[in-house]
Amino acid sequence: MTISHERFFFQHYGLQDGDLERYLGAALSAGGEYADLYFEYLSSTALTVDESLVKSASQGISVGCGIRVISGERTGYAYTDDLAPNRILHAARTAALIASGPARTPRAGFERNPARSLYPVTLPSVDAEITAKVELIMRADRAARAYDASIKEVRANYADELRNILVAASDGTFAEDSQPLARLNVSCIARNQTNSARGSAGGGGRVALDFFFGQKTPEYFAREAARQAVLQLDARDAPAGEMEVVLGPGWPGVLLHEAVGHGLEADFNRKQTSAFAGLIGKKVASEKCTVVDNGTMPWRRGSLNVDDEGHSTQETVLIEKGVLKGYLSDKLSARLMKIADTGNGRRESYEHIPMPRMTNTYMLAGEEDPEDIIRSVKRGIYAVNFGGGQVDITNGKFVFSASEAYLIENGHVTAPIRGATLIGNGPDALTRVSMVGNDLRLDEGIGTCGKDGQAVPVGVGMPTTKLDRLTVGGTARRDTGAFMQ
Amino acid sequence: MPEAAEVQITSELKELAQDMVRRALSGGASEAECVVREGDEFSTLVRLGQVETLKEAGSRAIGVRVFFGNRSASTHSSDFSEEGLKRMLDSALELARITSEDPCAGLPQASELGSISGDLDLYSPDVYSLSGTERINYARRAEKAALDCDPRIKNSEGGSFDAATGHRILANSHGFLGEYRRSYCSVAAVPIAQDERGAMQRDYWFSVARTLGRLDSPETVGTIAARRAVRRLGARKVKTAHVPVIFDPLVSTSILEHVLEGVNGDSVYRGASFLAGKLGQQVAASQVTIIDDGTMPGGFGTSPFDGEGVPTRRTTVIENGVLSSYLLNSYTARKLGLRTTGNASRGLAGTPGIGPGNYFLQPGARRPEQLIADTKEGLYVTEFLGMGVNLVTGDYSRGASGLWISGGQLSYPVEEITVAGNLKQMFLNISEIANDLEFRGAVAAPTIRIDGLLVAGE
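Protein chains in written order, with numbering that gives the first Met the number 0: chain A, 0 to 484; chain B, 0 to 457.
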């Protein structure tokens with residue numbers, strides 16, 4: 000069944016502006032400076048091919064409304080999965096209890112945010128013919144198996160969703176959006192007489208189904224996953240210790256996400272719990288580094304027309320030529336820190352309180368030829384794909400794990416190495432950037448970021464970049480292991 | 000909720016689940032299953048003595064899985080209106096047409112279904128018995144104890160108190176109908192220590208229980224959290240070296256989880272596990288015995304039946320270092336020609352996965368302090384960072400922080416290092432297991448020592 004996504008909650012739930020004002024009034028019935036409502040209707044599909052069989056197909060619908068009340072630095076939150084007026088009013092009164100004072104009245108009338116269209120799909124993937132999605136994953140399965148005789152197991156997943164949201168706030172904010180998201184993923188296992196290895200690849204974005212029939216086909220992702228698995232069959236042990244590291248373009252931008260992105264989220268800086276607290280205007284990276292967070296890139300997985308507080312997203316400069324410029328903020332941190340709201344207030348669902356989150360975070364291109372960057376390294380590693388990472392924002396330590404990496408010996412990329420973990424310190428890792436390539440690329444659209452138990456889709460990107468020193472956590476000792484062979 | 004109202008709602012939801020199964024069969028399905036979940040949650044966070052967030056809500060959801068012979072599909076919804084339920088069911092029946100004939104698909108055999116009887120001590124309404132003020136006070140006391148413990152605790156991400164209850168109903172077309180309720184409460188503190196140079200370190204501690212009566216006092220939790228944060232101040236890197244590594248219970252639990260993923264039937268039949276095909280073989284040191292027991296009263300991993308309606312049980316996974324059983328649901332059991340071990344885990348969507356009951360490493364005889372005292376030079380790990388684990392190959396490389404051991408003593412904090420090895424070798428190299436087993440979740444392990452790992456730093 001195809002349903003209209005324009006004015007969604009008004010058409011499908013009979014909502015009216017007057018109802019919104021009534022709910023906000025209940026939310027402010029015990030005082031509080033600010034209240035907002037977040038309506039969400041999420042429909043999703045997931046399909047899996049395993050052993051060349053469509054083994055799993057599922058669809059789901061999740062509906063609800065979250066109500067937030069802010070009083071000073073205090074936040075009260077309640078939600079309901081039943082959009083009946085009495086249930087929403089009950090939740091609003093529960094959230095209201097965070098404040099204790101005379102009732103306040105929300106601003107009359109709403110200011111509708113000008114419509115923007117970063118992902119203008121005509122037919123959202125979630126409403127598209129399911130057989131076409133089955134075809135995608137069957138094609139991925141065939142392409143991965145055809146890549147090489149050593150490919151023994153293939154699993155391909157297709158998942159899409161459409162999130163209709165409505166945000167209304169006591170300050171007059173009003174926004175609606177219809178947010179598509181689709182992703183195709185392939186993982187496979189290669190096996191020869193002695194070894195097994197895995198490879199995976201995938202991508203997507205806020206795109207329609209035709210994206211996977213044109214720009215990025217199942218064959219593209221399947222061959223990439225198979226290539227990685229086959230390559231890993233002959234990988235050597237990774238070296239251990241401090242060395243030069245060259246990061247390839249695209250997905251290695253997860254370094255920026257972990258090393259600096261989280262540390263610049265305003266909530267941690269308001270609480271002075273980030274290793275970056277108080278460093279605005281200070282040099283935190285080499286002058287070759289300019290890092291931005293940009294929620295306005297068309298079709299991208301991390302992009303949004305409006306954030307989950309109804310504020311337009313934007314491009315925010317975090318680091319400019321090595322100098323720390325700003326934080327990523329939401330309404331609460333912007334108000335308490337007296338800084339601008341950068342439109343980074345995001346949440347996983349109506350069950351969650353919004354907080355400052357990244358969108359698409361990347362480093363701008365430099366001037367070096369990527370070949371020259373590799374040639375400049377006598378002994379080091381070249382890491383081109385990563386599994387994921389994590390950061391402790393308080394002491395700044397971050398890690399990220401390479402799923403495809405190679406040794407660099409005397410200016411040449413040589414043997415592939417088994418997964419190695421890279422570890423460093425956020426506030427000084429980027430000071431060691433000595434070369435930045437001219438080949439900025441964004442990831443394929445598979446990133447999901449977790450913070451405080453909330454998962455949101457994000458993008459990362461970077462050009463080929465050389466760090467003069469980073470600790471590589473392999474199993475081969477520099478003095479005895481494979482690294483010197 | 001008054002008891003009578005609870006009974007009323009339960010019987011309505013049971014009726015609903017059975018009704019959905021009947022309607023799926025009349026819609027042409029050969030087998031069907033319905034799960035209903037409802038729950039309440041409450042959480043409060045206090046930071047620097049002030050309430051920062053209060054959250055309270057309840058929610059419910061329903062899911063169905065239908066079979067047409069060997070083809071299956073599933074759908075779920077949070078919309079319990081007749082229109083919403085009909086749409087969910089129709090979608091499932093429609094969706095099953097596009098899936099493949101899979102000879103191993105299907106519900107468990109009727110003879111395998113059932114529920115273990117008796118009070119499993121999983122639900123205590125007292126987690127909601129505290130007034131709003133008392134809940135806030137739990138969080139406040141935990142944070143205050145941390146802030147008061149040491150002058151170097153200068154900031155905090157707060158103290159928290161959380162409570163939740165969950166109710167699950169499962170019905171299927173073999174006539175199975177089961178339900179259980181579980182409750183949960185926890186208190187935690189996340190203090191930040193700062194040294195004279197301004198460098199900060201954060202750590203945490205928590206207590207979790209199914210009833211308020213078994214929760215540690217907020218003061219105990221806050222004090223331990225503060226000590227953990229303070230002892231990290233002044234952390235440095237160390238030279239790259241092969242040394243014995245001792246893992247505290249929080250991190251050894253995460254190592255034990257790799258065995259859990261490795262014996263997961265889904266990874267095993269695909270050959271995607273470093274433990275696939277190793278039944279009956281020595282895969283760990285001889286003092287290693289790992290048990291999965293879904294029947295322990297009051298346990299965090301306890302339930303009367305699994306996600307497919309099969310009674311939970313006790314399974315020895317590794318006995319004296321020899322791999323004795325995988326953990327299976329009915330699908331992976333059929334794939335491997337074995338019997339289900341009652342480890343199906345059922346979310347709302349998709350096919351059932353595999354999850355643990357109470358899964359633990361049998362403790363040894365000596366105290367953790369004795370393991371440290373026996374170590375001349377080594378690393379004591381208290382926290383991992385990142386996910387550098389490859390279950391196919393067993394390659395293991397994770398960011399770590401902790402304390403350096405010299406001369407049998409914890410001497411100074413270390414950070415920005417990695418610990419690397421291969422899981423196949425690591426379990427064989429477990430040289431001692433301490434006696435400090437304590438459950439803080441469904442998976443638990445005591446302090447362990449592993450030899451032969453490479454610690455990478457400078």
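Each residue gets a CB set at the ideal place from its N, CA and C atoms; glycine is no exception. The structure displayed is predicted, hence computed values, not measured ones.
Which residues bound the alpha helix (DSSP H) around residue i?
i	result
B/Gly270	Note, B/Gly270: premise wrong, no alpha helix (DSSP H); not H, not E.
A/Ser332	Lys330 to Met336
A/Phe9	Phe7 to Tyr12
A/Phe93	Sequence inspection shows Thr at residue 93 of chain A; the Phe mentioned does not correspond to that position. Taken as a continuous stretch (DSSP letters only), the alpha helix (DSSP H) holding A/Thr93 covers Pro84 to Ala95.
B/Cys148	Gly131 to Cys148
A/Leu117	Here A/Leu117 belongs to no alpha helix (DSSP H), and DSSP marks it neither H nor E.
B/Thr252	Pro248 to Gly261
B/Leu112	Note, B/Leu112: premise wrong, no alpha helix (DSSP H); not H, not E.
A/Leu317	Where A/Leu317 is concerned, there is no enclosing alpha helix (DSSP H), although the beta strand (DSSP E) it sits in stretches over Glu314 to Glu319.
So that I know if they touch, is there some Cβ in chain B lying closer than 8 Å to that of residue i?
i	result
A/Val125	no
A/Glu419	Before going further, note that residue 419 of chain A is Ala rather than Glu in the sequence given. So yes, A/Ala419 belongs to the interface.
A/Asp80	yes
A/Ser199	no
A/Thr1	At A/Thr1 the pLDDT is 44, less than 50, meaning the model places this residue with poor confidence and gives no usable figure here.
A/Ala282	The identity of residue 282 of chain A in the sequence shown is Lys, whereas the question assumes Ala. Chain B, which has no Cβ nearer than 8 Å to the Cβ of A/Lys282, makes this no.
A/Gln484	Low confidence applies here, because A/Gln484 scores a pLDDT of 27, under 50, leaving its location unreliable; read the following figure in that light. Judged by the 8 Å Cβ criterion, A/Gln484 is not in contact with chain B.
A/Val244	no
A/Gly63	yes
A/Thr470	yes
A/Gly100	no
A/Phe9	no
A/Ala481	With a pLDDT of 30 at A/Ala481, under the threshold of 50, the predicted position of this residue should be treated as unreliable, and no value is reported.
A/Leu466	no
Report yes or no: is there a C-beta of chain A within less than 8 Å of the C-beta of residue i?
i	result
B/Gly484	An answer regarding residue 484 of chain B cannot be provided, because it is not within the stretch 0 to 457 covered by chain B.
B/Arg196	no
B/Arg269	yes
B/Asp450	no
B/Gly440	no
B/Leu106	no
B/Asp161	no
B/Ile8	no
B/Thr294	no
With distances taken from CA atoms, which of the options is nearest residue i?
i	options	result
A/Ala45	A/Ser61, A/Val125, A/Cys64 and A/Pro84	A/Val125
A/Ser51	A/Ala284, A/Pro355 and A/Ala155	A/Ala155
B/Ser76	B/Gly105, B/Leu53, B/Cys33 and B/Leu106	B/Cys33
A/Gly473	B/Asn328, B/Gly27, B/Thr239 and B/Arg196	B/Thr239
A/Leu88	A/Thr360, A/Leu441, A/Leu27 and A/Leu117	A/Leu27
A/Glu286	A/Gly365, A/Ala228 and A/Gln58	A/Gly365
A/Val383	A/Gly395, A/Pro415 and A/Gly260	A/Pro415
B/Tyr203	B/Ser410, B/Ala188 and B/Thr374	B/Ala188
A/Ala237	B/Arg231, B/Ser396 and B/Gly320	B/Ser396
B/Glu40	B/Arg134, B/Ala145 and B/Gly279	B/Arg134
For the beta strand (DSSP E) containing residue i, name the first residue and the last one.
i	result
A/Thr470	Thr464 to Gly472
B/Tyr330	Note, B/Tyr330: premise wrong, no beta strand (DSSP E); alpha helix (DSSP H) at Ser329 to Leu335.
B/Asn154	Ile152 to Asn171
B/Asp394	Asp394 to Ser405
B/Val229	It is not in any beta strand (DSSP E) - B/Val229 instead sits in the alpha helix (DSSP H) that spans Pro217 to Val229.
From the beta carbon of residue i, is the nearest beta carbon of chain D less than 8 Å away?
i	result
B/Arg201	Absent here is chain D; the protein component of the structure consists of chains A and B.
Against chain A: residues of the region 389-406 of chain B by CB proximity under 9 Å: Cβ contacts with chain A come from Asn389, Leu390, Val391, Thr392, Asp394, Tyr395, Ser396, Arg397, Gly398, Ala399 and Ser400.
Any residues in the region 24-55 of chain B with a beta carbon nearer than 8 Å to a beta carbon of chain A? Which ones, in chain order? Taken in chain order, the members of the region 24-55 of chain B whose beta-carbon sits within less than 8 Å of a beta-carbon on chain A are Arg46, Gln49, Val50, Glu51, Thr52, Leu53, Lys54 and Glu55.
Count Cβ pairs between the region 348-361 of chain B and the region 377-390 of chain B that sit closer than 8 Å; are there 3 or more? The region 348-361 of chain B vs the region 377-390 of chain B: no contact.
Is it the case that the region 310-329 of chain A contacts the region 352-367 of chain A, given that we only count it when at least three CB pairs across the two stretches are under 8 Å? Output reads yes: the region 310-329 of chain A touches the region 352-367 of chain A.
Please identify, using Cβ separations under 9 Å, the residues of the region 412-437 of chain A that lie next to chain B, in order along the chain. Listed in sequence order: Arg417, Gly418, Ala419, Thr420, Leu421, Ile422, Gly423 and Asn424.
Touching or not, the region 273-291 of chain B and the region 423-433 of chain B, by the rule of three or more beta carbon pairs under 8 Å? Taking 8 Å as the limit for Cβ pairs, the verdict is that the region 423-433 of chain B does touch the region 273-291 of chain B.
At a Cβ cut of 7 Å, what residues of the region 369-399 of chain A count as close to chain B, listed as they run along the chain? Listed by position along the chain: Gly386, Gly387, Gly388, Gln389, Asp391, Thr393, Asn394, Lys396, Val398 and Phe399.
The region 59-73 of chain A contacting the region 129-142 of chain A, beta-carbon criterion three pairs below 8 Å: Note that the region 59-73 of chain A does not touch the region 129-142 of chain A; fewer than 3 beta-carbon pairs, one per stretch, sit closer than 8 Å.
Is there contact here, the region 109-127 of chain B with the region 163-182 of chain B, by at least three beta-carbon pairs under 8 Å? Taking one beta carbon from each stretch, the region 109-127 of chain B and the region 163-182 of chain B have 3 or more pairs nearer than 8 Å; the two touch.
For the 8 Å Cβ check, are there 3 or more pairs between the region 457-472 of chain A and the region 422-437 of chain A? Short answer: they touch.
Give a yes or no on contact between the region 404-413 of chain A and the region 438-445 of chain A, applying the rule of three or more CB pairs nearer than 8 Å. The answer is no - the region 438-445 of chain A does not touch the region 404-413 of chain A, with fewer than three Cβ pairs under 8 Å.
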